[in-house]
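So the protein lines, in turn, are chains W and C.
The working numbering applies: residue 354 is where the first sequence begins, and numbers increase by one.
The working numbering applies: residue 354 is where the second sequence begins, and numbers increase by one.
What follows is a short report on a single structure.
There are 2 protein chains.
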Amino acid sequence: MSTRSATDSLDTALRFTRAHTAMAKRLDAVLSNRHGISYSDFQILLHLGAAPNTRMRRVDLAEALGLTASGVTRGLGPLERIGLVDREKDPRDARVAYAALTETGRALLVEMTVSAQEVASDWFTPSCSTAEVATLSALLGALAGSGR
Amino acid sequence: MSTRSATDSLDTALRFTRAHTAMAKRLDAVLSNRHGISYSDFQILLHLGAAPNTRMRRVDLAEALGLTASGVTRGLGPLERIGLVDREKDPRDARVAYAALTETGRALLVEMTVSAQEVASDWFTPSCSTAEVATLSALLGALAGSGR
DNA sequence: AACTGATCCTTGAGTGCTCAAGTATCTGCT
DNA sequence: AGCAGATACTTGAGCACTCAAGGATCAGTT
């Protein structure tokens, strides 16, 4: 019984990574082809776009994405270089460096969001009803929240 | 309406990767610490263990894992070197190289599976009931299946 | 029996992360 | 005022993949 449920969990975990691999590949392929930006970079832009003043501390960005601070530094590098994101200082705390969306960044984000919504919707639809996507979303939300 | 459902899909996709990142990290940390083998290597061993004669063609392994053939070659390298997996030839087709679990590989797999079941179970439990895990598993199975 | 195209696998270069270690700055205790 | 520890960020080395290209072998056609 408890054994049964444990093997179910492992099985679910494996399906989880299998499904996620497929989804991420699809999203990444379309976003890269259409906009020249990877799925992970898009995630960064999206979070910045949703934040007040479209800017965030790097540490908070890492927390929001489930990455390390290191990963955020690496990801932000190219985005700064191509002018989508700006580096801003905090006048009160010299340690922090904000990442802020530029005007071009905001514009690109809008376009990319349309593509991403389309891809995500197409990916879920054939196997899941709208209600099922909602269920999935709720479960994933709980798991992502407690994840750390 | 249709717009609403599209933004839900994107939101679900983001939660999906957020939750998966957290889960994979956890699994990886425990398996690496306790057995010195990463989560992705464990997945390879698991699939081999479930296959007839505990061996598979590399191409089939790639398909099962959702990876490219290239990724499988890279992952198998270290496992062969430390004696968990053997390379076997097909007498009828000189192109194919089977990956086969060794005796040590089978033994380690059994131990690792116990750890992995425990971690997976612990990870799902606080946020999901057993029934919810079952629902999740079914949805993910459908998505993973249609993924390609 | 040779030519064409598909299949299986590997390799070089590059991406996107990780951890561990290091620098700089801030905060609180004494 | 000064020191201790926490916090923010960066950097070097390394891991787990990817794609594109290439080599070897096989199966079907002529």
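Yeah, the Cβ is synthetic: ideal placement off N, Cα and C, and Gly gets one too.
Pick from the options that is closest to residue i, judged by C-alpha positions
i: PRO444(W); options: ALA484(W), PHE395(W), ARG410(W) and ASP361(W); result: ARG410(W)
i: MET465(W); options: LEU363(W), THR426(W), PHE369(W) and SER393(W); result: SER393(W)
i: GLY424(W); options: GLN396(W), ALA382(W) and VAL463(W); result: GLN396(W)
i: TRP476(C); options: VAL412(W), ARG387(W), HIS400(W) and ALA495(W); result: ALA495(W)
i: LEU515(W); options: LYS378(C), GLU416(C), ALA382(C) and LEU461(C); result: Residue numbering for chain W in the displayed model covers 354 to 501; residue 515(W) lies beyond these limits and cannot be assessed.
i: LEU364(W); options: ARG371(C), HIS400(C) and THR365(C); result: Before going further, note that residue 364(W) is Asp rather than Leu in the sequence given. Checking every option, the nearest Cα to that of ASP364(W) belongs to HIS400(C).
i: PHE369(W); options: VAL467(C), THR478(C), ALA473(C) and ILE390(C); result: ALA473(C)
i: LEU515(W); options: LEU493(W), VAL383(W) and THR457(W); result: For chain W, the structure presents residues 354 to 501; residue 515(W) sits outside this window and is missing.
i: GLU433(C); options: LEU418(C), TYR451(C), ALA422(C) and THR374(C); result: TYR451(C)
i: ILE415(C); options: ASN386(C), SER490(C) and GLY428(C); result: The residue you asked about is not Ile; residue 415(C) is Ala in the sequence shown. Looking at the Cα atoms, GLY428(C) is the closest of the given residues.
i: ARG387(C); options: VAL467(C), ALA417(C) and THR374(C); result: VAL467(C)
Local Cβ density within 10 Å of residue i, reported as buried at 16 or more and exposed below that
i: ASP446(C); result: exposed
i: ALA469(W); result: buried
i: ALA366(W); result: buried
i: SER482(W); result: exposed
i: ARG371(W); result: buried
i: MET354(W); result: Residue placement at MET354(W) is flagged as unreliable, the pLDDT there being 49, under the threshold of 50; the coordinate-derived value follows with that caveat. Exposed, since its Cβ has fewer than 16 Cβ neighbours within 10 Å.
i: VAL486(C); result: buried
i: ALA417(C); result: buried
i: ALA497(W); result: buried
i: ARG501(W); result: The predicted position of ARG501(W) is uncertain, since its pLDDT is 45 and thus under 50; a value taken from the coordinates is nonetheless stated next. Exposed, by the Cβ-count rule.
Sequence-distant residues of its chain with Cβ nearer than 8 Å to residue i (five each side left out)
i: VAL449(W); result: ARG410, ARG411, VAL412, LYS442 and ASP443
i: ASN406(C); result: ALA453
i: THR426(W); result: ARG411
i: ASP361(C); result: none
i: PRO431(C); result: ASP394
Same chain, Cβ closer than 7 Å to residue i, five either side skipped, listed in chain order
i: MET376(C); result: TRP476
i: THR455(C); result: GLY436, LEU437, VAL438 and ASP439
i: GLY402(W); result: LEU454, ARG459 and LEU462
i: LEU492(W); result: none
i: ASP381(C); result: SER391 and TYR392
i: LEU384(C); result: ILE390, SER391, TYR392, PHE395, MET465, SER468 and ALA469
i: ALA422(C); result: ARG411, VAL412 and ALA415
i: THR374(W); result: none
Identified DSSP bridge partners for residue i
i: ALA453(W); result: ARG408(W) and ASP439(W)
Close-in-space but distant-in-sequence residues of the same chain around residue i (CB under 6 Å, 5 per side omitted)
i: ARG408(C); result: TYR451 and ALA453
i: THR488(C); result: none
i: ALA404(W); result: none
i: SER480(W); result: none
Cβ-heavy atom distance, residue i to the ligand MG, below 7 Å
i: ARG411(W); result: What this structure holds is no ligand at all, so the ligand MG is not there to describe.
Item to check | Those runs of the beta strand (DSSP E) which lie wholly inside the segment 365 to 431 of chain C and span at least 3 residues | outcome: 408 to 410
Checklist entry - Which ranges does the beta strand (DSSP E) cover as unbroken runs of at least 3 residues, wholly within the segment 447 to 499 of chain C, from first to last along the chain? => result 450 to 454
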